[in-house]
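Residue numbers (our numbering): -9 to 437. A virtual CB, placed ideally from N, CA and C, is assigned to each residue, including glycine. What follows is a set of notes on a single structure, which appears directly below.
Structure (C-alpha cells):
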C-alpha cells in the first residue's frame, strides 16, 4: 500500500476516480430495487432535470447509482487518455459531477456541452488534454440541455424530437465553445475566494439563456418535482454507502503511511493551500477525503436532513473541495454561520409577518450550505469570524439566486458564493487585515 503514496499525483487520482466509479457500480447492483435498474435509468434520461430533481424518486436507487457510475466511467475514461494528467481541479470537477448525477446530470445530457469544449479545442488549436476539466464543468448546465431536448417550448414533457435534439445540440455547442474563456477569467473576479470557480461562468450563462429562451419569449416552465417527490429518501442507503466509502479511504490512507500528525499539519497549516495531494502527499489527501466526508455526513445527520437524491448528491458536491482547500477546520465557521442565520431569521420572520422557510434542515438551505463551503479560503486567509460572516451572507442570498437562472444552473450555491466574493472581498481588503498581517503586527509590537 505504501507504494501508492509514491505514485505521481495524476496516476493516484486516476485510481481514486476509479474507486469512486466502482463504488457506485457496486451500489447499483446491491440495492433492493436492482431489478428496476435499467428502466430506472431510462426514466432518468427521459425526464427533465431542473433543480432540484430527486433522481431517487424519478429512477429509483439502482437507476440513480447506475447513472452515476456510467457518467463517472465516461469521464474516468477521458482522464485516462494519453496526455491527460488529473490534478486538484480535476478532483473538484470529478466529485462535483458525480454528486450532480443524483439530481441533474445524466449519461445523455452531458454530451452537447462536452462536444462544445472539444470544438473550442479544435478551433483554437489547444491540446484537448488541457480541456478535460472544462468538459466536466460544462455539465453544470445539463438541466437546460434536458429541458431543450425533451419539452421546449412546451410546459409538458413531449419526449425526444428532432427540433429539440437540434436545439439542445446547438445550444450545448455554443455553451461549451465559450466556457473555457469564462473559466480562465473567473478567478480574476472572485480572487480565488470561491473554490467553485466554474460556477460563475456557468451561472452567468444560465442567467443569459434563461432570459433569452424563456423570459424574453414569455415562456414559463414549471419545476419538475411532483408533490411528494422530494420525500423519496433513505437515510440508511446514504449512510451505509457514504460511510463505507469514507471509512475505506481512511483505512487505506493509514495503510499508505499517513500518520495523525501528517493530517494534523494539513488542518493547522497557516498557509492557504489549494492543492492537498501535491503539497501533503497522496495518503494525507485521501485521509482528508475520508475525514472530511464523515464530517459532512455527520453534519447532515445532526441537523436531520432528508436523504433524498439531492441531499445524497450534495455530500459529494461538498466533498469536491477536499483537494482544493476545504477541510473540517476551515468549514466549521461556515456551518456555524448558517446555523446562526437560520435561527435568527426564524425568530425575526414571524415578527414581520413572513412565512419562514429557511430552517437549517430545509432542502434549499441544506443544499446552500454545501456550496457555502467554497468560501473556506476566506476563513483561511482572514480567520474564522470572517468565514462565519460570509456564510451568513450566503444563507441570505442562496434561495433567491435560482430566479436568475431559472433552475438551469446546478452550480447555484457556487454562483451565489461568487456573488458574495464580489461584494465582500473588496471590503475585506480595504478595511481588515489578514491573519498573516495581524500576526506580523503583533510580532512587531512585542519587539
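Excluding the 5 residues preceding and the 5 following residue i in the sequence, name in chain order all residues of the same chain whose CB lies nearer than 8 Å to its CB.
i	result
residue 431	423
residue 207	143
residue 164	106
residue 155	139
residue 113	167
residue 340	346
residue 418	368, 372, 376
residue 46	54, 92, 222, 223, 224, 298, 299, 302
residue 109	163, 166, 167
residue 309	85, 89, 279, 282, 283, 286
residue 150	36, 139, 140
Enumerate in chain order the residues of its own chain whose CB-to-CB distance from residue i is below 7 Å, with the five nearest sequence positions on each side excluded.
i	result
residue 317	256, 257, 278, 282
residue 217	Low confidence applies here, because residue 217 scores a pLDDT of 49, under 50, leaving its location unreliable and the question unanswered by this model.
residue 11	59, 62, 63, 66
residue 447	Outside the displayed span of the chain (-9 to 437) sits residue 447, for which this structure offers no information.
residue 84	7, 65, 126
residue 326	378
residue 182	367
residue -6	2, 246, 272
residue 414	380, 383
residue 289	325
Measuring alpha carbon to alpha carbon, tell me which of the options ends up nearest residue i.
i	options	result
residue 94	38, 120, 53	38
residue 400	45, 287, 117, 90	90
residue 391	383, 402, 398	402
residue 220	135, 389, 1, 50	50
residue 344	335, 350, 351, 250	335
residue 86	416, 385, 419, 364	364
residue 263	295, 199, 314	314
residue 294	8, 349, 322	349
residue 42	395, 76, 238, 354	354
residue 248	270, 326, 125	270
residue 147	389, 385, 170, 211	211
residue 53	357, 44, -2, 18	18
residue 137	397, 92, 406, 407	397
residue 75	127, 388, 0	0
residue 116	361, 356, 170	170
residue 194	405, 435, 411	405
residue 197	231, 326, 286, 395	395
residue 15	272, 273, 305, 231	231
residue 205	72, 173, 393	393
residue 188	128, 151, 226	128
residue 251	261, 273, 233	273
residue 226	291, 338, 409	291
residue 356	304, 342, 386	304
residue -2	275, 233, 132	275
Can you round the beta-carbon distance between residue i and residue j to whole angstroms, since I take them to be within the 8 Å contact cut?
i	j	result
residue 24	residue 48	Rounded, the Cβ-Cβ distance is 17 Å, inconsistent with contact.
residue 4	residue 70	6 Å
residue 185	residue 366	7 Å
residue 107	residue 98	The Cβ separation is near 17 Å, so there is no contact.
residue 265	residue 78	4 Å
residue 209	residue 134	Their Cβ separation, rounded to whole angstroms, is 13 Å, which puts residue 209 and residue 134 out of contact at 8 Å.
residue 323	residue 369	5 Å
residue 407	residue 362	7 Å
residue 307	residue 360	5 Å
Going along the chain, which residues of its own chain have a beta-carbon closer than 6 Å to the beta-carbon of residue i, five neighbours each way excluded?
i	result
residue -9	245, 246
residue 118	111
residue 130	192, 400, 401
residue 96	34, 35, 57
residue 421	none
residue 434	none
residue 312	278, 279, 282
residue 358	388, 403
residue 172	191
residue 153	none
residue 68	122
residue 13	235
Check your understanding: Would you call the segment 102 to 112 and the segment 26 to 35 touching, i.e. three or more CB-CB distances under 8 Å?
Key -> no
Point to revise | Cβ contact (3+ pairs, closer than 8 Å) linking the segment 316 to 330 and the segment 376 to 389 | key: yes
Exercise for review: Please determine if the segment 369 to 376 and the segment 171 to 179 are in contact, where contact requires at least 3 C-beta pairs separated by less than 8 Å.
Suggested key: no
Practice item. Determine, using beta-carbon pairs with one atom in the segment 155 to 166 and one in the segment 220 to 237, whether at least three such pairs fall under 8 Å. Key: no
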